[in-house]
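Chemist: Dropping the structure in here first, questions after.
And the structure:
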C-alpha cells in the first residue's frame with residue numbers, strides 16, 4: 001500500500 | 011529528485027572515482043583504510059536489497075549497481091591485487107570495526123521504520139554508513155601526511171552527506187509530512203564526524219599547504 005514507504009534515496 | 015540530492019549523489023560518485031583513480035593510477039592504497047571500504051561495501055549490500063524488487067528509476071538502479079560494484083572492486087583490489095595489497099597500511103588500520111557492525115545492528119533492531127527484514131537492514135546500513143568513516147579518519151591521523159588524492163577522496167565523501175542534509179530540509183519544506191528521522195539524524199552525525207577533517211582540509215587549502223592531521 002502507499003503507506004509502504006519506499007526508500008527512493010540512495 | 012532535487013538539486014541537493016543530485017549534487018550529493020554526484021559528489022559521492024566523484025569520491026569513488028577519485029579513490030578508483032588513486033588505486034589504478036598509483037597501484038597503491040597507502041593511506042586508505044580497508045576496514046572502511048569493507049564497511050561501505052556492506053552498507054551498499056544491505057541498503058540496496060530492494061534493487062530487484064522496487065524499481066524507482068533507471069538513475070536509481072544504475073547508481074546502486076555502480077556503488078555496489080565499485081565498493082566490492084575496491085575491497086577485492088586491496089585484498090588480492092599483488093601490487094595494491096602490498097601498499098596497504100595494515101599495521102595502521104587497526105580500528106576494531108566489528109564494534110561498529112555490532113552497535114549499528116543492535117541499534118537497527120531497536121530503531122527502524124518497520125520491524126521487517128529489509129527495513130531493519132536498511133536502518134542498519136544507515137547507522138553503519140554514519141560511522142564507517144571512523145577507521146579511515148583514525149588511519150589518516152596515524153599516517154600523518156595525507157596524499158592529495160586521499161584527502162580529496164575523504165573530503166568529497168564527507169561533502170556528499172552534507173548535501174543530503176540540504177535535500178532533507180528541502181523535502182521537508184516541500185512536503186511537511188516528509189520525515190526521514192533515521193536518515194536525517196544519522197546523516198547529521200555522519201557529517202559531524204568529518205568536522206575536524208573539514209577544518210584541517212580548509213586550513214591546508216587556505217595556506218596552500220600539505221594536509222596534516224594532528225596525531
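Protein chains in written order, with my numbering: chain A, 1 to 10; chain B, 11 to 225.
Built from N, CA and C at the ideal position, the CB exists for glycine as well.
Values in this document were obtained by computation on a predicted structure and should not be read as measured data.
Within 10 angstroms of the Cβ of residue 5 of chain A, are there 16 or more other Cβ atoms? Answer buried if so, exposed if not.
Modeler: Along the first chain, read from residue 1 onward, the residue named residue 5 of chain A stands at position 5. Burial call: exposed.
Chemist: Which bits of chain A does residue 2 of chain B rub up against, with CB to CB less than 9 angstroms?
Modeler: This structure cannot speak to residue 2 of chain B, because chain B is shown only from 11 to 225.
Chemist: Kindly indicate which three-state DSSP category residue 101 of chain B falls into: helix, strand or coil?
Modeler: In the second chain, the residue the question calls residue 101 of chain B occupies position 91. In this structure, residue 101 of chain B counts as coil in the three-state DSSP scheme.
Chemist: Contact criterion: CB-CB distance below 8 angstroms. Does residue 123 of chain B meet it with respect to chain A?
Modeler: Taking the first residue of the second chain as position 1, residue 123 of chain B is located at position 113. Closer than 8 angstroms to some Cβ of chain A, the Cβ of residue 123 of chain B qualifies, so yes.
Chemist: So, helix, strand or coil for residue 155 of chain B, using DSSP?
Modeler: By 1-based counting over the second chain, the position of residue 155 of chain B is 145. If DSSP states are grouped into helix, strand and coil, residue 155 of chain B belongs with the strands.
Chemist: Can you pull the chain A residues whose beta carbon is under 9 angstroms from the beta carbon of residue 15 of chain B, in chain order?
Modeler: Within the second chain, numbered from 1, the residue matching residue 15 of chain B stands at position 5. Those within 9 angstroms of residue 15 of chain B in chain A are 9 and 10.
Chemist: Use the C-beta contact count for residue 169 of chain B: other C-beta atoms within 10 angstroms, 16 or more gives buried, fewer gives exposed.
Modeler: Position 159 of the second chain, counting from 1, holds the residue named residue 169 of chain B. Buried, because 16 or more other Cβ atoms sit within 10 Å of the Cβ of residue 169 of chain B.
Chemist: Please confirm whether residue 113 of chain B and residue 123 of chain B have their CB atoms less than 8 angstroms apart.
Modeler: The count along the second chain starts at 1 and reaches residue 113 of chain B at position 103. The count along the second chain starts at 1 and reaches residue 123 of chain B at position 113. No, Cβ-Cβ distance for residue 113 of chain B and residue 123 of chain B is not below 8 angstroms.
Chemist: Measure the C-alpha to C-alpha separation of residue 214 of chain B and residue 111 of chain B and round it to an integer number of angstroms.
Modeler: Taking the first residue of the second chain as position 1, residue 214 of chain B is located at position 204. Taking the first residue of the second chain as position 1, residue 111 of chain B is located at position 101. Their Cα atoms are separated by approximately 33 angstroms.
Chemist: In whole angstroms, what is the alpha-carbon distance linking residue 1 of chain A and residue 186 of chain B?
Modeler: For the purposes of this step, residue 1 of chain A is taken as residue 1 along the first chain, with counting starting at 1. For the purposes of this step, residue 186 of chain B is taken as residue 176 along the second chain, with counting starting at 1. Its pLDDT being 40, under 50, residue 1 of chain A is placed unreliably by the model, and the measurement read from it follows with that caveat. The straight-line gap from Cα to Cα measures roughly 20 angstroms.
Chemist: Label residue 216 of chain B either buried or exposed according to how many other C-beta atoms from any shown protein chain fall within 10 Å of its C-beta, with 16 as the threshold for buried.
Modeler: As a first step, residue 216 of chain B must be located in the second chain, where it is residue number 206. It counts as exposed.
Chemist: Anything in the stretch 175 to 187 of chain B with a Cβ closer than 7 angstroms to a Cβ of chain A? List those residues in chain order, please.
Modeler: Listed in sequence order: no entries.
Chemist: Taking the C-alpha atoms as reference points, what is the distance between residue 77 of chain B and residue 162 of chain B?
Modeler: The residue given as residue 77 of chain B occupies position 67 in the second chain. The residue given as residue 162 of chain B occupies position 152 in the second chain. Each residue's alpha carbon lies about 18 angstroms from the other.
Chemist: Is there a C-beta anywhere in chain B that falls below 8 angstroms from the one on residue 6 of chain A?
Modeler: Counting from 1 along the first chain, the entry for residue 6 of chain A is found at position 6. It does: the Cβ of residue 6 of chain A has a partner Cβ on chain B nearer than 8 angstroms.
Chemist: I'd like the list of long-range same chain contacts for residue 62 of chain B, defined as Cβ closer than 6 angstroms, with 5 residues on each side in sequence excluded.
Modeler: Here residue 62 of chain B corresponds to residue number 52 of the second chain, with the count starting at 1. Result list for residue 62 of chain B: empty, nothing under 6 angstroms.
Chemist: Entirely within the stretch 132 to 186 of chain B and at least 4 residues each: give me those alpha helix (DSSP H) ranges in chain order.
Modeler: As far as the stretch 132 to 186 of chain B is concerned, its whole alpha helix (DSSP H) runs of at least 4 residues are 144 to 153 and 158 to 184.
Chemist: Just to confirm, are residue 160 of chain B and residue 26 of chain B a CB contact at a threshold of 8 angstroms?
Modeler: Walking along the second chain from the start, residue 160 of chain B turns up at place 150. Walking along the second chain from the start, residue 26 of chain B turns up at place 16. No.
Chemist: Strictly below 8 angstroms CB to CB, what residues from chain A border residue 132 of chain B?
Modeler: To locate residue 132 of chain B, count along the second chain from 1; it is residue 122. Under the 8 angstroms cutoff, chain A gives 7.
Chemist: Answer with yes or no whether the minimum CB distance from residue 66 of chain B to chain A is below 8 angstroms.
Modeler: For this step, residue 66 of chain B is matched to residue 56 along the second chain. Cβ-Cβ to chain A under 8 angstroms: yes for residue 66 of chain B.
Chemist: Who are the neighbours of residue 70 of chain B on chain A, taking C-beta pairs under 9 angstroms?
Modeler: The sequence position of residue 70 of chain B within the second chain is 60, counting from 1. In chain order: 8, 9 and 10.
Chemist: What residue range is occupied by the uninterrupted alpha helix (DSSP H) comprising residue 74 of chain B?
Modeler: As a first step, residue 74 of chain B must be located in the second chain, where it is residue number 64. That run of the alpha helix (DSSP H) goes 68 to 90.
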